[in-house]
Each structure stands twice: as structure tokens, then as C-alpha cells.
DNA sequence: TACGCTTGTATAGCAAGCTATGCAATATTA
DNA sequence: TAATATTGCATAGCTTGCTATACAAGCGTA
């Protein structure tokens, strides 16, 4: 009848996620971006001029979450939207120069947070840890 | 100059945490509770009649987050607050009978979610995974 | 072509997290 | 004891996430 949170994967995962987010937040705040925008920027740095739907397929959040985050990014001058000539419902999403310029610094932040966070594990443990997470996520997605 | 989210611990941790929360949410919704209340209930099931400060020391969220969640729990009839005779600033937090009755079902939910989520790992991998998380969290807390 | 289904996006409304700040009650100290 | 500092909690205001719903534009089909 006991339940120890220190042994509960769910509890630990939640706690760890908040610690990661806090660290990343700290590092990217000076760049003028926030954590929820990060995955979107990662995709747009690879390729912009895409529809919201295209973006959605590459990002693991719900459509409504993406739409809201995009609104804030537009407000903050990180993206611009143009008409999609092929479909009047959709728009094309473009990075601004400002957002483009942040890329390398942002990459560095993410790398540093990961490195710092995983420094308590040795090289092979780190690989295993990431591998475990990928497997767990994979298993949870096809339910 | 590349940054792959599939290899980024931070990205995976965040994604995994949302999947866990979604699963737990699903399971406990019929009980009339929500995920943010879970850690608080876990502590109160062990011992209630405590101050907010006592609770805070056992729960890994900020004070403001706890205060807000407690308000919603009071609204939802899960807790009651009484005056603390020893200190007029503080209050004592008590579970209602309704909340007390949910305990075993809630434990089951949490156990089931953990079991399901980790089923892709074998016994020893599960132990390692949890151990890794504890170490990472430990390392991130004393920064 | 007109009707209805599907698709792309937006909006409403909520929970849960954060930082920053306010404020009254207690404690400390000059 | 009066002034000041600390403590316990609440509130404001924001982001990020969710579900549910709305709605216009496009598509398919009778």
C-alpha cells in the first residue's frame, strides 16, 4: 500500500523535464526566445516557408498548442506568415532575420544544457539513457 | 551545425514527460483528480494536518504553484484548511473523506502507467533507467 | 453545380508550471 | 519596546500544454 515517488518513473520524468526546461530557459532568455518556441525554431532553421500542417507533422505537440506558440512567435518578431498561393486556408511560415541570427547561440544552449545535465553519467551510460528514453517514448506513442 | 532532437536528452525528456502525464490524466480523470494534484495527494495520504510549508518541503514545485493547486483542490472538495493555533499566518491542510477514499485507486493508476510505459525495458533496464533519472536529477539540483 | 465531407487553422477555456510581488503575522534586534 | 527583518501564504501575470469546438476553404460526388 506504499507508493514512493522516488521510485516512480512518472514522477521522476516530470521532475527531470522541469529541471531541463528551467536550465534551457535560463540560457536562451537573453536571446529573446522561450522554451516552447525551441522545437519550432529547430525545424524552421532546417527549412522554413512551410505550412503549419507541415510543421505540425515534425513537432510532438497538438495543433492548438502549435498555433498558439506561432502566434506568440509572430508577436515577438521571430516569424512572419505569407499567403499560400496553393491553398487559401494555409499560410507559409518564414523565419525573420532576427530568428535566423539566433541559431548557433541557441544550438549551443541546448548542447550545454544536455552536457551539463548528463555529466553525472559516463559516456556509455549517456548513450543508454537516451536510448531508453527513445524506446519508452516509442512504446507510449503506439497505444 | 546540426542539432538532432531525436538525440537531445532535453527534447526526449520533455516529450516523455508529456506522454506520462497524458496517460496518468486519462486514468485518474474518472476519480475526479488531475495530474498536478497527484504529488500533493501522495504526501497528504501519508500525513495530513500539515502546513503549506511542510508540504512544500516534500514536493518539487515552487511555492506559488503549490498554493494555486491547493486552491483548486479546495474548490474541488479534496482538501480543507483549518487555522493553525500556533501561527496565524499558517494553516493546516486536511484531506476530505472523498480524497481519502481515492487513494488505492490512484496508486493503481500510477503503478499501471509506470508499468505500461516501461514495458519496453526488461527488469534490469528499468532499474537502471530509474537510477539514471535519479542521478541526473540529483546533479541538476545542486547547481 | 450544389451538397456535404474533409482539411487547415484559430479560438475558448482550463491546468500546471514559472517569476515577481504583496502583505500580514511573527521574530529579532537596537 | 519600537523599528526592522523574516516567514507563510496569496496574487498577478505570463507560457506551455491540453481538449473541444468553430469555421472557412477546398474536394468529391450525386
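Protein chains in written order, with UniProt numbering: chain A, 1 to 143; chain B, 1 to 143. Note that the Cβ used here is the ideal one computed from N, Cα and C, for glycine as well.
In chain A, which residues lie with their C-beta within 7 Å of the C-beta of residue i?
i	result
residue 114 of chain B	8, 9 and 10
residue 42 of chain B	3 and 5
residue 130 of chain B	7, 9 and 12
residue 123 of chain B	Those do not exist, as residue 123 of chain B stays about 13 Å from chain A at its closest Cβ, beyond 7 Å.
Assuming contact is defined by CB atoms lying nearer than 9 Å, are residue i and residue j in contact in what I supplied?
i	j	result
residue 117 of chain B	residue 140 of chain A	yes
residue 70 of chain B	residue 28 of chain B	no
residue 99 of chain A	residue 38 of chain A	no
residue 3 of chain B	residue 101 of chain A	no
residue 35 of chain B	residue 7 of chain A	no
residue 52 of chain A	residue 64 of chain A	no
residue 25 of chain B	residue 128 of chain A	no
residue 18 of chain A	residue 54 of chain B	no
residue 33 of chain A	residue 97 of chain A	no
residue 23 of chain B	residue 113 of chain B	yes
What are the boundary residues of the alpha helix (DSSP H) that includes residue i?
i	result
residue 24 of chain B	9-28
residue 46 of chain B	38-46
residue 59 of chain A	Unbroken run through residue 59 of chain A: none, as it is neither H nor E.
residue 105 of chain B	103-118
residue 51 of chain A	That residue, residue 51 of chain A, is in no alpha helix (DSSP H); it is neither H nor E in DSSP.
residue 131 of chain A	123-141
Counting only Cβ pairs nearer than 9 Å, list the residues of chain A close to residue i.
i	result
residue 30 of chain B	Result: empty, since nearest Cβ-Cβ is about 18 Å, beyond 9 Å.
Identify the contact partners of residue i in chain B, using a Cβ-Cβ distance below 7 Å as the criterion.
i	result
residue 110 of chain A	3, 8 and 10
residue 85 of chain A	Those within 7 Å of residue 85 of chain A in chain B number zero; the least Cβ separation is about 30 Å.
Thinking just about the alpha-carbon of each residue, which of the options is nearest to the one in residue i?
i	options	result
residue 79 of chain A	A:85, A:86 and A:94	A:94
residue 122 of chain B	A:132, A:122, A:123 and A:86	A:132
residue 31 of chain A	A:125, A:108, A:115 and A:126	A:108
residue 85 of chain A	A:5, A:62, A:50 and A:124	A:50
residue 20 of chain A	A:124, A:126 and A:115	A:115
By the criterion of Cβ-Cβ separation under 8 Å, what are the contact partners of residue i in chain B?
i	result
residue 137 of chain A	12, 15, 16 and 19
residue 60 of chain A	15 and 18
Could you list which residues in chain B have their beta carbon closer than 9 Å to that of residue i, in chain order?
i	result
residue 50 of chain A	Here the premise fails: no neighbours, minimum Cβ distance about 16 Å.
Residue i lies in the beta strand (DSSP E); which residues open and close that run?
i	result
residue 83 of chain A	79-83
residue 93 of chain A	91-95
Starting from residue i, find everything on chain A with Cβ-Cβ shorter than 8 Å and list it in chain order.
i	result
residue 117 of chain B	9, 10, 136, 139 and 140
residue 120 of chain B	135, 136, 138 and 139
Stretch pair the segment 40-50 of chain B + the segment 83-91 of chain B: three plus CB contacts closer than 8 Å: no
Is the segment 6-16 of chain A close to the segment 125-141 of chain B, with three or more CB pairs under 8 Å? yes
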